[in-house]
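> I'd like to ask some things about the structure below.
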Amino acid sequence: MAMMTLQNPVKARFERITTDLKDVTKAQKSFGKALDKALPHRELPMETDAMADHPRLINRAIAMHLLREGQFSVASTFLKEATDHPPGREAHTISQTDEDGDDDMESEDDLEDEMAGLHSEHLQNKFAEMYSILSQLKDHNLLPAINWAHANGVHLEARGSTLEFELIKLQYVWLFKGPSVNGLPDDPATNGLGGAINYARQNFPRFQNRHLLEIQQLSSAVVFAPNLAKSPYSHIFETESAFEDVAMSFTREFCSLLGLSAESPLYIAVTAGSIALPRLIKYTTYMREKKTEWTTENELAFATPLPEFMIYHPIFVCPVSKEQTTQDNPPMMLSCGHVLCRESLNNIVKAARYKCPYCPTEGHLKDAIQIRL
1 MAMMTLQNPV KARFERITTD LKDVTKAQKS FGKALDKALP HRELPMETDA MADHPRLINR
61 AIAMHLLREG QFSVASTFLK EATDHPPGRE AHTISQTDED GDDDMESEDD LEDEMAGLHS
121 EHLQNKFAEM YSILSQLKDH NLLPAINWAH ANGVHLEARG STLEFELIKL QYVWLFKGPS
181 VNGLPDDPAT NGLGGAINYA RQNFPRFQNR HLLEIQQLSS AVVFAPNLAK SPYSHIFETE
241 SAFEDVAMSF TREFCSLLGL SAESPLYIAV TAGSIALPRL IKYTTYMREK KTEWTTENEL
301 AFATPLPEFM IYHPIFVCPV SKEQTTQDNP PMMLSCGHVL CRESLNNIVK AARYKCPYCP
361 TEGHLKDAIQ IRL
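Written out as structure tokens, the structure reads:
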């Protein structure tokens with residue numbers, strides 16, 4: 001009797017658990033069916049797999065993405081396997097525009113060298129440093145980022161970057177908030193209103209040529225310290241998203257000094273493709289029904305509405321040929337300042353000299369400069 005008395009509650013609980021699991025399983029199956037119905041499997045709109053011709057480029061993009069995400073051990077394993085088991089040689093060579101605007105062909109050896117470069121400790125150490133600083137920024141510690149920006153101040157200044165000032169400005173605001181907000185030691189000389197003033201005296205003078213107005217506003221806010229929320233400068237001292245904004249700026253500048261874009265190229269390519277794919281499927285289905293084809297190479301028959309942050313290549317239309325410029329036909333600026341595409345320039349050249357189609361100026365072909373908008 002005693003055993004039966006003990007078993008009954010346990011058995012009842014197991015039955016309730018089983019019933020709950022059945023409900024969960026039923027819901028999962030229903031969700032799977034609904035998902036398959038809403039998103040049916042469709043064949044790709046193109047019979048040709050564009051990525052199959054460039055496996056090394058795909059591997060390079062994946063490896064770089066893993067490094068940028070801080071997955072160093074995974075990237076190392078991936079690079080080792082990609083090196084030990086290299087894909088077949090590409091069926092097509094890869095065209096690339098160099099710094100002089102000339103079209104060079106990127107060889108297999110160049111790709112292998114770049115893959116080896118991704119495997120280097122130098123690049124991995126750089127990204128490890130970036131993630132270490134970002135981790136400190138997440139904890140509202142600005143000093144490592146400020147030290148990095150100061151050490152690279154010459155390069156940042158050459159780029160016209162304001163990162164160092166933005167970091168110092170945020171540090172001033174963070175000190176201004178006081179120990180009750182920033183959690184730093186309660187020392188009047190290094191924290192709170194007094195600490196912010198001392199910090200401003202030490203760091204603001206070297207930025208007054210470029211940021212005098214902002215420095216004046218930050219300094220004037222001291223007068224409104226007792227009631228800052230109702231002062232004209234309250235918006236300057238909002239820190240709710242300030243650390244996230246400065247972290248994004250830091251990532252962008254850090255990657256720029258490495259010669260990389262702020263966003264992962266793999267992420268951008270996949271996201272842009274996901275946006276364009278539904279339109280492409282719809283378009284190809286329509287074209288098949290009409291039994292026609294789009295014959296223009298390297299150009300879609302429709303525009304893909306990409307977000308602004310994904311638009312990297314501004315469009316320039318040559319005023320002579322009325323054609324959009326491309327990497328193979330870039331915009332060229334004449335000595336008089338007028339701009340036209342390279343093909344149009346070559347068409348008006350005679351004996352290495354040209355006459356501008358829009359003004360009386362004449363010049364030498366070697367004086368024309370390729371521009372990047």
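The numbers in full-length UniProt numbering rise by one with no breaks, and the one at position 180 of the sequence shown is 180.
In this text, a Cβ means the ideal position worked out from N, Cα and C, and glycines have one as well.
If contact is defined by three or more beta carbon pairs under 8 Å, each pair taking one atom from either stretch, is the stretch 266 to 282 in contact with the stretch 299 to 308?
Yes: the two stretches touch, three or more of their Cβ pairs being nearer than 8 Å.
> Check whether the Cβ atoms of phenylalanine 250 and alanine 145 sit closer than 9 Å, and answer yes or no.
For phenylalanine 250 and alanine 145, yes; Cβs fall inside 9 Å.
> Of all the options Cys356, Leu213, Met248 and Gln202, which has the alpha carbon lying nearest to the alpha carbon of serine 135?
Of the candidates Cys356, Leu213, Met248 and Gln202, the one whose C-alpha sits nearest the C-alpha of serine 135 is Met248.
> Of all the alpha helix (DSSP H) runs that stay within the bounds of the stretch 175 to 199, which reach a length of 4 or more residues?
DSSP runs (the alpha helix (DSSP H)) wholly in the stretch 175 to 199: 179 to 182.
> Pair every Cβ in the stretch 205 to 224 with every Cβ in the stretch 136 to 143, then say whether three or more of these pairs are closer than 8 Å.
Result no; under three Cβ-Cβ pairs closer than 8 Å.
> Return the residue from the list Ser344, His364 and Gln327 that minimises the CA-CA distance to cysteine 336.
The option with the nearest alpha carbon to cysteine 336 is His364.
> Could you give the residue range of the alpha helix (DSSP H) that holds cysteine 255?
Its alpha helix (DSSP H) spans residues 242 to 257.
> From lysine 183 to serine 261, what does the alpha carbon distance come to, in whole angstroms?
Rather than lysine, the amino acid found at residue 183 in this sequence is glycine. Cα to Cα, glycine 183 sits roughly 35 Å from serine 261.
> Mapping the DSSP letters down to three states, classify histidine 92 as helix, strand or coil.
Unreliable placement is indicated for histidine 92, whose pLDDT of 44 sits below 50; no coordinate value is reported for it.
> Counting Cβ pairs, one atom from each stretch, are 3 or more of them under 8 Å apart for the stretch 20 to 29 and the stretch 46 to 63?
Cβ pair count under 8 Å is below three, so no.
> Consult DSSP for glutamate 308 and reduce its assignment to one of helix, strand or coil.
If DSSP states are grouped into helix, strand and coil, glutamate 308 belongs with the helices.
> Which one of Arg68, His65, Ile58 and Glu69 has the shortest CA to CA distance from proline 86?
Out of Arg68, His65, Ile58 and Glu69, Ile58 has the C-alpha closest to the C-alpha of proline 86.
> Look up glutamine 216 in the DSSP assignment and say whether it is helix, strand or coil.
Here glutamine 216 sits in helix by DSSP.
> For the alpha helix (DSSP H) that tyrosine 131 lies in, which residues bound it at each end?
121 to 138 is the span of the alpha helix (DSSP H), which, as asked, contains tyrosine 131.
> DSSP state of asparagine 227, grouped into three classes?
Helix, per DSSP.
> For glutamine 171 and valine 320, what's the separation of their Cα atoms in angstroms?
C-alpha separation (whole angstroms): 53 Å.
> By the 10 Å Cβ neighbour count, where 16 or more other Cβ atoms means buried, how is valine 10 classified, buried or exposed?
By the 10 Å Cβ count, valine 10 comes out exposed.
> Quick one: residues in its chain with C-beta nearer than 6 Å to the C-beta of methionine 333, no 5 flanking neighbours on either side, listed in chain order?
So the qualifying residues of the chain are Val339, Ile369 and Ile371.
> Where do the ends of the alpha helix (DSSP H) carrying glutamate 157 lie?
153 to 158 is the span of the alpha helix (DSSP H), which, as asked, contains glutamate 157.
> Let me make sure I understand the geometry here. Which of Lys366, Glu238 and Ser344 has the alpha-carbon closest to that of alanine 352?
Among Lys366, Glu238 and Ser344, the Cα nearest to that of alanine 352 is on Lys366.
> Can you say whether glycine 195 is buried or exposed, counting buried as having 16 or more other CB atoms within 10 angstroms of its CB?
Buried.
> As a quick exercise: from Ser344, Lys355, Ser264 and Arg210, pick the residue whose alpha carbon is nearest that of histidine 65.
Of the candidates Ser344, Lys355, Ser264 and Arg210, the one whose C-alpha sits nearest the C-alpha of histidine 65 is Ser264.
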